[in-house]
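Student: Okay, handing you the structure first.
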Amino acid sequence: MEIQDSKDQDATSTHYVTNQLTADESEPSTTDSYAYSIGNAQCSGSDADEWTYTTITPQTKEMQDLFSEMMDILPLIDNPTYVGSETMNGIMTNHFTFRVGGLGLQSGVEVTANQGDYWLAQDGQYIVKYQLVAETVDTATQAKVHVDVLIDLTNINQSVDISFPVGCAP
Numbered sequence: 809m810e811i812q813d814s815k816d817q818d819a820t821s822t823h824y825v826t827n828q829l830t831a832d833e834s835e836p837s838t839t840d841s842y843a844y845s846i847g848n849a850q851c852s853g854s855d856a857d858e859w860t861y862t863t864i865t866p867q868t869k870e871m872q873d874l875f876s877e878m879m880d881i882l883p884l885i886d887n888p889t890y891v892g893s894e895t896m897n898g899i900m901t902n903h904f905t906f907r908v909g910g911l912g913l914q915s916g917v918e919v920t921a922n923q924g925d926y927w928l929a930q931d932g933q934y935i936v937k938y939q940l941v942a943e944t945v946d947t948a949t950q951a952k953v954h955v956d957v958l959i960d961l962t963n964i965n966q967s968v969d970i971s972f973p974v975g976c977a978p
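All residue numbers for the sequence shown refer to the numbering used here, where the first residue is 809 and numbers rise by one.
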């Protein structure tokens, strides 16, 4: 997921990419879609499918904004280990590694990957980058679940121009 936010334009752009692989497939299926919000106008979809344009009332917009301001990304971080001071995305950060505690305990599956890293800004203490790779295998069925998570803040405090795609119009 990639999110761009412009306070100047009262706009956001979110790009979603989802890969799914089932036991009977040899290649993952990919879903690629976008959601745009500029003021009270919204557009979602993709060039491959079609775009849906809607408008919302100022009251609904205000409540959506309230909800998004209440939500923070709280990444999983258990017992971090300090690696060192590094520059990440042009920001001085402290780099940490970690593993997700308790993974597989509830389900009884075998954990085959469990490694995370994050970089915390020295000035402001916000996450500049976070990555986690986790994988489990059910030894009885050989069913595998693999998760890659990446949060990567770039162009911090830079102006962004957000506009609807050509195929999305009122």
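Positions of the beta carbon are idealized from the N, C-alpha and C atoms, including for glycine. Since the model is a prediction, treat every value here as computed from it, not as a measurement.
Using the Cβ count rule (16 or more neighbours within 10 Å means buried), how would you classify Q850?
Tutor: Here residue 850 is taken as the residue at index 42 of the sequence shown, counted from 1. Buried, by the Cβ-count rule.
Student: Please check the pair F981 and T889, which I expect to be a contact at CB under 8 Å, by giving their CB distance rounded to whole angstroms.
Tutor: A question about residue 981 goes unanswered here, because the residues of the chain that appear run from 809 up to 978.
Student: If we call anything under 8 Å between Cβ atoms a contact, is D886 one with V919?
Tutor: By one-based count along the sequence shown, residue 886 stands at place 78. By one-based count along the sequence shown, residue 919 stands at place 111. Taking 8 Å as the Cβ cut-off, D886 and V919 do not qualify as a contacting pair.
Student: Work out the CA separation of V968 and T895 for me, nearest whole Å.
Tutor: If you number the sequence shown from 1, residue 895 lands on position 87. If you number the sequence shown from 1, residue 968 lands on position 160. Going from the Cα of T895 to the Cα of V968 covers about 23 Å.
Student: How long is the line joining the alpha carbons of G975 and D857, rounded to whole angstroms?
Tutor: Along the sequence shown, one-based indexing puts residue 975 at 167. Along the sequence shown, one-based indexing puts residue 857 at 49. C-alpha separation (whole angstroms): 10 Å.
Student: Whose C-beta lies closer than 8 Å to the C-beta of S893 among residues of the same chain, with five residues either side of it excluded?
Tutor: Counting from 1 along the sequence shown, the entry for residue 893 is found at position 85. Closer than 8 Å at Cβ, skipping near neighbours: M900, T901, N902, H903 and Q930.
Student: By how many angstroms is the C-alpha of V917 removed from the C-alpha of A977?
Tutor: Start at 1 with the first residue of the sequence shown, and residue 977 comes out as number 169. Start at 1 with the first residue of the sequence shown, and residue 917 comes out as number 109. Approximately 48 Å between the Cα atoms of the pair.
Student: Would you say Q867 and I846 are within 8 Å of each other, going by their C-beta atoms?
Tutor: Position 59 of the sequence shown, counting from 1, holds the residue named residue 867. Position 38 of the sequence shown, counting from 1, holds the residue named residue 846. No.
Student: How should G932 be labelled, buried or exposed, when 16 other C-beta atoms within 10 angstroms of its C-beta is the threshold for buried?
Tutor: Here residue 932 refers to the residue found at position 124 when the sequence shown is read from its first residue. Result: exposed.
Student: Which residue or residues does DSSP assign as beta-bridge partners of Y861?
Tutor: Within the sequence shown, the letter at position 53 stands for residue 861. Answer is C851.
Student: Excluding the five sequence neighbours on either side, which residues of its own chain have a C-beta within less than 6 Å of the C-beta of Y844, listed in chain order?
Tutor: To locate residue 844, count along the sequence shown from 1; it is residue 36. Result list for Y844: S821, C851 and F972, in chain order.
Student: Tell me the DSSP secondary structure of F875 in three-state form.
Tutor: By one-based count along the sequence shown, residue 875 stands at place 67. F875: helix per DSSP, three-state reduction.
Student: Considering Cα atoms alone, identify which of A948, Y842, E833 and Q812 is closest to V825.
Tutor: Your numbering for residue 825 matches position 17 in the sequence shown. Closest option to V825, Cα to Cα, is Y842.
Student: If you count every other CB in all the chains shown that lies within 10 Å of the CB of L913, and 16 or more means buried, which is it?
Tutor: In the sequence shown, residue 913 corresponds to position 105, counting from 1. Counting Cβ neighbours within 10 Å, L913 comes out exposed, since fewer than 16 surround it.
Student: Does any C-beta atom of chain B lie closer than 8 Å to the C-beta of S841?
Tutor: Structure shown: chain B not included; a single protein chain is present.
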